[in-house]
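Colleague: Sharing a structure, written as structure tokens. Questions coming.
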Amino acid sequence: MLQARQLRLLSEKKRMSREKTKAADIPHELRKPVIVTDVLDLHGFFPEQVEEVVKEFLLNAVKLKFRHTRIIHGKGKSRLKYEVHKILSFSPYVESFKDCAPDSGGWGATCVVLKIRHSD
């Protein structure tokens, strides 16, 4: 059983390495631009990825001078929601956060108010 898991991990590493190489081979002019908005949708991310993704999102939101953002974590078992709220609780950029209104995702999304930065 352990060997099968090790083989899967090795196979996954090789696949990720190939994908990274493929992305690096794409000429800069042909790469799709990343569109930055005030909404982060975490569907498709693993819980282990959430901290890095949310922190990067908050940093970009602050740089872009967003005051309000929304993080969609889904209504499932709330594991992602718990992780998001833990990150927001310790973020120096966050003034407050709460479940969004029903028309903005309800308890499947968190609305975040960012602190106003006076010096840049």
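Take 75 as the starting number for the sequence shown in the working numbering and just add one per residue.
Every residue, glycine too, gets a C-beta built ideally from N, C-alpha and C.
Owing to the predicted nature of the structure, the values given are computational and were not obtained by experimental measurement.
In terms of residue numbering, what span does the beta strand (DSSP E) encompassing HIS272 cover?
Modeller: Here the chain covers residues 75 to 194 and nothing more, so residue 272 does not appear.
Colleague: Suppose you measure from the CA of LEU162 to the CA of VAL168; what does that come to, to the nearest Å?
Modeller: Their Cα atoms are separated by approximately 6 Å.
Colleague: What does DSSP give as the partner residue(s) for LEU114 in the beta ladder?
Modeller: In the DSSP output, where bridge partners are listed per residue, LEU114 has ILE145.
Colleague: Output the distance between the C-alpha atoms of VAL187 and PHE164, rounded to the nearest integer angstrom.
Modeller: If I take the Cα positions, the gap works out to 14 Å.
Colleague: Identify which residue in HIS159, ASN134 and PHE171 has its Cα closest to the Cα of VAL110.
Modeller: For VAL110, the nearest C-alpha among the options comes from ASN134.
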